[in-house]
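Below is one structure, written out as structure tokens; comments come after it.
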Amino acid sequence: MDKSYTFLVAGGGTGGHLFPALAVVEEIKMKSSNCRFHFVGRKDKLEGKVVPEHGYDFHPIEIEGLKSLFSVQNISILYKIWKSERLINHLFTEFNIQGVIATGAYISYPPCRVAIKKKIPLFLMESNVNPGKTISMLARDATILFTSFVETERFLKNKNIKQVICAGNPVRKSFFNSISKEEARIKFGLKPDIKTVLVVGGSLGSKVINQCIEKNIAEFQANNLQLLWQTGNNYQITNQFGPNVVQMNFIDDMVSAYAAADIVVSRSGASALSEIALVGKPSILVPFQMGLNNEQEQNARYFERMKAAVVIMQDSIDVLLINSILNLINNPAKLKEMEICMKRLAKPNAGEIIADNILKKMDEIYI
56 MDKSYTFLVA GGGTGGHLFP ALAVVEEIKM KSSNCRFHFV GRKDKLEGKV VPEHGYDFHP
116 IEIEGLKSLF SVQNISILYK IWKSERLINH LFTEFNIQGV IATGAYISYP PCRVAIKKKI
176 PLFLMESNVN PGKTISMLAR DATILFTSFV ETERFLKNKN IKQVICAGNP VRKSFFNSIS
236 KEEARIKFGL KPDIKTVLVV GGSLGSKVIN QCIEKNIAEF QANNLQLLWQ TGNNYQITNQ
296 FGPNVVQMNF IDDMVSAYAA ADIVVSRSGA SALSEIALVG KPSILVPFQM GLNNEQEQNA
356 RYFERMKAAV VIMQDSIDVL LINSILNLIN NPAKLKEMEI CMKRLAKPNA GEIIADNILK
416 KMDEIYI
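All you need for this note's numbering is the position in the sequence shown, starting with 1, plus 55.
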């Protein structure tokens, strides 16, 4: 019999929190089409646009993360958290919420707190090596904590978590579509037979990476390389580039973008790394260094230890990036080794594993 559970889903703020949640919801819907989902998040963030586009109910909450310990702004933020919990309480009652799925960040805190108080099953997903603050605070009360890395458990060893499953970080079904390298390049207006570098700095772009690339455009041209470059919406390009450079504010079709590339230059957010591993692309990772737990560097270093990526820190990017690109692109044997190592890190069934375990636990509790 097709199961019918109603879930509240908290995943947003960035694509790294939102898209894994959507991937799991998609898997649950495929396995149990009668399940219903209500998303909460900020209407001015990515989830406010993307969730309704996917056809799911979206309930905006007004919330932001706490500031430094003694900041006076925390008074108003705590009030927003309290208001959000009251609203979410109403959602639990109105829609008979039976389970909560959350991917971390401050948006997850109010719905998870309500779930804990009401003793509703709580399923947490942590995509980084080092868990974020919200997941660390909530982990001991989770019904199941799903991680992307085996190493994550050592950061939570004193939390007495009921169940931890290392499933990997789920990616959208579109990443299982295939397109040839030549077809992908033609799709972006690139030449099909010239080596190509894909540069992405996360969904919002990276000023540091963009500035370095823009200063060194001549190096790409001099070495007969093509560049597919996602700059983000906030980076203003002042120069005109030749036909070997395709610059886009945002690339919707990342499957084709990865397929076009011989090398990827990227930040090291967990979702980006999951996608890169799935498509098996040798990568140069430039971690964002502003996270509270330095999570992007820890993610990147893991991939470096596995011989799947080269890591360059932001303060060395101007010195090292272009030479690293040229060294790799001219070393086919090294690229092949990195490709093999990268594919070993892929977990293509992550979404299915998480969905199966959520539904199994819901059956144990409710049937």
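The beta carbon of each residue, even a glycine, is placed where N, CA and C say it ideally should be.
Q) Helix, strand or coil: how does DSSP classify Q302 here? A) strand
Q) Can we say the segment 333 to 341 touches the segment 385 to 400, given the rule of at least three CB pairs closer than 8 angstroms? A) yes
Q: Tell me whether the beta-carbon of S182 lies closer than 8 angstroms to the beta-carbon of G257.
A: no
Q) What do you reckon, are the CB atoms on N89 and K58 nearer than 8 angstroms? A) yes
Q: Return the CA-CA distance between I318 and I241, expressed in angstroms with no decimal places.
A: In a straight line, the C-alpha of I318 is about 17 angstroms away from that of I241.
(Q) Determine whether the beta carbon atoms of L211 and L193 lie at a separation below 8 angstroms. (A) no
Q: Please report how far the alpha carbon of A65 lies from the alpha carbon of T202, in whole angstroms.
A: Cα to Cα, A65 sits roughly 16 angstroms from T202.
**Q.** 8 angstroms Cβ cutoff met for N304 and N278
**A.** Not a contact, by the Cβ cut-off of 8 angstroms.
Q. In the DSSP assignment, what residue or residues form a beta bridge with M180?
A. F201
Q: Compare the C-beta of L381 with all C-beta atoms of chain B and state if any pair is closer than 8 angstroms.
A: As a matter of chain content, chain B is missing from the structure shown, which is built from one protein chain.
Q: Evaluate contact between the segment 105 to 112 and the segment 228 to 242, counting only Cβ atoms and requiring at least three cross-stretch pairs below 8 angstroms.
A: no
Q) So what's I318 in DSSP terms, helix, strand or just coil? A) strand
Q. With DSSP run on the structure shown, which of helix, strand or coil describes R227?
A. coil
Q) Taking just the CA atoms, how far does V252 sit from F296? A) 15 angstroms
Q: Can you give me the Cβ contacts of V300 inside the same chain, cut-off strictly under 6 angstroms, excluding the 5 residues immediately before and after it?
A: L282
(Q) Output needed for S48: all residues of its chain with C-beta closer than 7 angstroms, excluding positions within five of it in sequence on either side, in chain order. (A) Beyond the ends of the chain as shown, which are 56 and 422, falls residue 48; an answer cannot be given.
Q) So what does DSSP say about G154, is it helix, strand or coil? A) strand
(Q) Output needed for L63: all residues of its chain with C-beta closer than 6 angstroms, excluding positions within five of it in sequence on either side, in chain order. (A) H93, I152, V155, P166
**Q.** Exposure of L177, with buried meaning 16 or more beta-carbon neighbours within 10 Å
**A.** Buried: at least 16 other Cβ atoms inside 10 Å.
Q) Apart from the five residues just before and just after E102, which ones in its own chain have a Cβ nearer than 6 angstroms to its Cβ? A) G67, L73, G96
Q: Can you tell me which of the three DSSP states P337 falls into?
A: coil
(Q) At 3 residues or longer, what runs of the beta strand (DSSP E) sit wholly inside the segment 344 to 413? (A) Within the segment 344 to 413, the complete beta strand (DSSP E) runs of at least 3 residues are 364 to 366.
Q | contact_flag[the segment 261 to 281, the segment 206 to 221] where n(CB pairs < 8 angstroms) is 3 or more | A | no
**Q.** Member of K402, P75, I372 whose CA lies at the smallest distance from the CA of N271
**A.** I372
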